[in-house]
Amino acid sequence: MSARPTPEAPETGRARARPAGLLARLDESDLFYSFRRSPIVVAAAAISFLMILAAVFAPLVAPQDPFDMAQLDLLDSLLPPVWVEGGMWKYPLGTDDQGRDIFSTILYGARISILVGFASVAFAMVLGIVLGLVAGYAGGWVDSLLMRIADIQLSFPAILIALLIDGVARGIMGNVGHERIAFGVLILAIGLSFWVQYARTVRGSVLVEKGKEYVQAAQVIGLPPVLILFRHILPNVMGPVLVIATIQLALAVITEATLSFLGVGVPPTSPSLGTLIRIGNDYLFSGEWWITIFPGAALVILVLSVNLLGDWLRDALNPKLR
Amino acid sequence: MAQAKTSASDAAATPVLEVRGLTVEFPSRRGLVVAAEDVNLAVRPGEILGVVGESGAGKSTIGNAVMGLLEPPGRMARGEVLLKGERIDGRPQAQMRRIRGKRVAMIFQDPLTSLDPLQTVGAQLVETMLTHLPISEAEAKKRAIDLLDQVGIPDPDVRVEQYPHQFSGGMRQRVVIALSLCAEPEVIIADEPTTALDVSIQAQILELLRRLVRDHGVGMIIITHDMGVIAEVTDRVAVMYRGKVVEEGPTEKILGYPDHTYTRSLISAVPRPDVRLDRFPLVEYIEAASTATRKIDLRTHWLGRTRDFGTVSDRALVEVRDLSLRFVTRRSFLEKNRRYVQAVDRVSFQVRPGEVFGLVGESGSGKSTIARLITGLYRPQGGNILFAGADLTALTSRREVNRYRRQMQMIFQDPFSSLNARFKVMDIVAEPIRFHKLAQSEAEVRGIVEDLLEHVGLGAKAAQKFPHEFSGGQRQRISIARALATRPRFLICDEPTSALDVSIQAQVLNLLKDLQADLGLTMLFISHDLPVIRQMCDRVAVMRHGRIVEVAETEALFETPQHEYTRHLLHLMPRLVAAPPPPDAVPEPA
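Chains as they are written, first to last, in our numbering: chain A, 4 to 325; chain B, 10 to 599.
Structure, rendered in structure tokens:
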């Protein structure tokens, strides 16, 4: 026989060279291989990772704490970015009307945006997965009821639902009380308007998995339905859920920004990216463009790179699209 | 085409399609995979060439390479494909499209997906003819009806206007065959043409192919894994193993006196319909899986530990009385508009302790439904299921049911979906032990799992791997280990080997036989494959349309079948023409 590898050669080769250790295993995996092959995805991952890291550690990274009055200097108000005539290195992206460093406010704002994004996606995910599992496994009227609710909710725009919940909370608590629970209300509002997608996807996957023989094998062993659902079916439907979660993280950040821009989101005392854009909007036509453009650009870059990651994850996990 | 018919006799010597030195490579991340290596084949007009081999042998790759349909990144590295002496490989796609369908046609395995569901059968035939032949639409229509008549479709002038969903599976495959014939091709490549069909329909389709090849003088390549198909219909056969043709020659010669050791082991692995053997002869050339060396001694072994309850009469461990279940096929609010299919219709039988009871029948006869009724996956609409004297249909509490469920386990058909891909083998096999608390400590659980894996021939190390690291046959062994983990008395095998290659089927069946004998298991063995039933079962029930038509001792059933349907099934059973090779024949070196 020639020295060329025959069909069985790669297999024996793989078995011999099976590396130990997590890093080596990661290097072997198909997911990481498809990740490495696409420079855009690598860039998107690097940018999202950097932005999330910078936002989380904002107090350490930011040159200035924009909410500490003692650090603000009114004489430095409305300074342009450093490369424009009159800018200073101390404020690389310029300052706003109170002398806050725009770069620092973006870091602190992104921190809030990302926090709300993650929390509301996690909330929607848990709610959606549980309802989807129940609907798919139970079937019958339970399934019909949950899916009709989902259909009804899908016919309203997510923003409208969020506005509604926020409005109700404001009505009950009053403006002052509302400010204390503004974060919770926002997360609840966005989460409640996002659960439908998870529930529908999970339900569909459960219907497919339910017919597979490993589920029947578990039933023959005698496992109760709850155990079968969470131990056997749930891990097998998580792939598409993670994809939706990634894409919805970006959507949640945008929704939060939109709500804050409309003035019903987080309180102005702890501004998110959306609040910053709204505040800056007032100065756009008086020439101080940097106050709104930079937070806006930060938002676009963050959402775009997270979206690219989500798209890649969807393709990589779906063998049919490859 | 008239010319092809008349010249069939003098052209018989020259092959219509020739493949020379064909090598197909698939570059992959982990190196070059050679799917076919230096393959030489030739088909003459009016001849059927069989290409046989197990999964992954490269059979279908050859068909695709000839048609120019290799999926990228696959490529033809070397060799040539000659159609009537003219090279057709490496031509641009536009030219290949004219050759495909017009001069070389293809029949695929699944008749359901090979037809366009939105067009009538006639429209599809006419469209193909108009694309390739210089005839008018009216002529094409007339020929379409004629072709449907030729492939044995009754009332062709009516059915030509019907849609594919109005045809049964076998009839659909006939339409596909008509479609492949309609442009008068010189060569037809059939890739597993009867694998999706029942035996009785398979026999008809093979006969039809045989006749059409003679009448039209076309050359045909049948690609199959099934030695029965090869024996039934081919003139010559090429045996493939790991991308190479190991042996080629006239069918009788290859089946009767194979030279290559691989061919011999392949043939000896095919279950024999004519005589029952104790075990399948040892098969060479197969995946590494040791047979368990140690016998299980039930007096000391974990598997034999006290079976905690139930008195068993000698008559029946499991008894099924008047069992019935119907499925709703059309839902409606009004009773009279609902439609049902009676999946199981007043079925009664008894399984005696320690015996292997077979259920045999064609697809849709209700075999698997009975298995699922006994294990409690479905609830019956009528009748009783008695296990060790207790009526399972009368039990209500989960605890009661689980006590009995543990005593009966099931092995499923599909080795790929019956194991949870996210679990390690250790956890898959340990799950029933942990859930039913059959062991005192976690260390004991692990010991039991490793011991079980040893006994099914996988070795204790398999416990730390994931299912995807195993082949189909090995996965089926894991399934068997899981089923044994509850210490069952009754094991249901639902087509346990129908998804496996013959040589692996022989191994798995040997394993089941050994375990059954060692553990004194009672088994319900479900299969559509009569030779397998003959090798495995003590008694057999023949099912049709949800009813049992005959129950008999296996030998009596095969030798003196009573019911007309049983005789019909036995008659259709494919037989390898020749006897196994003479024992003194010297194998040629590979």
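Where a beta carbon is used, it is the ideal one built from N, C-alpha and C, also for glycine.
If you look at Asp503(B), you'll find it in the beta strand (DSSP E) that goes 499-503. Counting the other Cβ atoms within 10 Å of the Cβ of Ser107(A) gives 16 or more, which makes it buried. Arg484(B) counts as buried, since no fewer than 16 other beta carbons sit within 10 angstroms of its beta carbon. Asn178(A) sits in a helix when the DSSP states are folded into three classes. Ranked by how close their Cα comes to the Cα of Val327(B), the residues Leu401(B), Val196(B), Ala66(B) have Leu401(B) in first place. Minimum Cα-Cα distance from Ala220(A) among the listed residues Thr204(B), Gly385(B), Gly555(B), Gly392(B) corresponds to Gly385(B). At least 8 Å separates the CB of Ile250(A) from every CB of chain B.
The Cβ atoms of Met128(A) and Ala138(A) lie no closer than 8 Å to each other. One finds Gln219, Ala220, Val223 in chain A with Cβ atoms closer than 8 Å to the Cβ of Met419(B), taken in chain order.
Annotation: the continuous alpha helix (DSSP H) that includes Thr140(B) extends over 130-141. Taking the Cα positions, Ser196(A) is about 38 Å away from Glu440(B). DSSP lists Arg29(B) as the beta-bridge partner residues of Glu89(B). According to DSSP, Asp436(B) shares a beta bridge with no other residue. In chain order, Ile105, Thr108, Ile109, Gly112, Leu276, Leu279, Ile280, Gly283 place their CB closer than 8 Å to the CB of Pro298(A), counting only its own chain and leaving out the 5 sequence neighbours on each side. Interface residue (Cβ-Cβ distance to chain A less than 8 Å): Asp47(B) is not classified as such.
Membership of Gly367(B) in the beta strand (DSSP E) is indicated by the continuous run 365-369.
Under DSSP, Pro259(B) takes part in a beta bridge, and its partners are Arg245(B). Only exposed fits Phe35(A), as fewer than 16 other CB atoms lie within 10 angstroms of its CB. Chain-ordered, the chain A residues with CB closer than 9 Å to the CB of Leu428(B) read Glu216, Tyr217, Ala220. The alpha carbon of Arg496(B) has as its nearest neighbour, out of Met417(B), Tyr574(B), His464(B), Pro424(B), the alpha carbon of Met417(B).
By the rule that beta-carbons nearer than 8 Å mark a contact, Asn310(A) does not touch chain B. Rounded to the nearest whole angstrom, the CA to CA distance from Ala301(A) to Asn178(A) is 30 Å.
For chain A, none of the residues of the segment 515-544 of chain B brings a beta carbon within less than 8 Å of one of its beta carbons.
Residue-level contact check: Leu386(B) touches chain A, since one or more beta carbons of chain A fall below 8 Å from its beta carbon. Going by C-alpha positions, Glu201(B) is about 24 Å away from His577(B). A contact is defined here as three or more CB-CB pairs under 8 Å, and the segment 361-374 of chain B meets this definition with respect to the segment 519-533 of chain B. For the segment 494-513 of chain B, the residues whose beta carbon sits under 8 Å from a beta carbon of chain A are, in order, Thr495. Along the segment 232-250 of chain A, the positions whose C-beta sits under 8 Å from a C-beta of chain B are His235, Pro238, Asn239, read in chain order.
Any Cβ of chain B closer than 8 Å to the Cβ of Tyr36(A) would place that residue at the interface, and such an atom is present. If you compare the alpha carbons of Val244(A), Gly174(A), Ala319(A) with that of Val205(A), the shortest gap goes to Val244(A). Secondary structure of Asn429(B) (DSSP, three-state): coil.
Nearest neighbour of Arg152(B) by Cα position, chosen from Tyr172(B), Pro163(B), Gly131(B), turns out to be Gly131(B). Just so you know, the alpha carbons of Leu509(B) and Ser274(B) end up roughly 16 Å apart. By the Cβ-count criterion, Val167(B) is exposed, with fewer than 16 other Cβ atoms from all chains shown falling within 10 Å of its own Cβ. In the DSSP assignment, Gln351(B) is bridged to Arg335(B).
Residue-level contact check: Glu80(B) does not touch chain A, since none of the beta carbons of chain A fall below 8 Å from its beta carbon.
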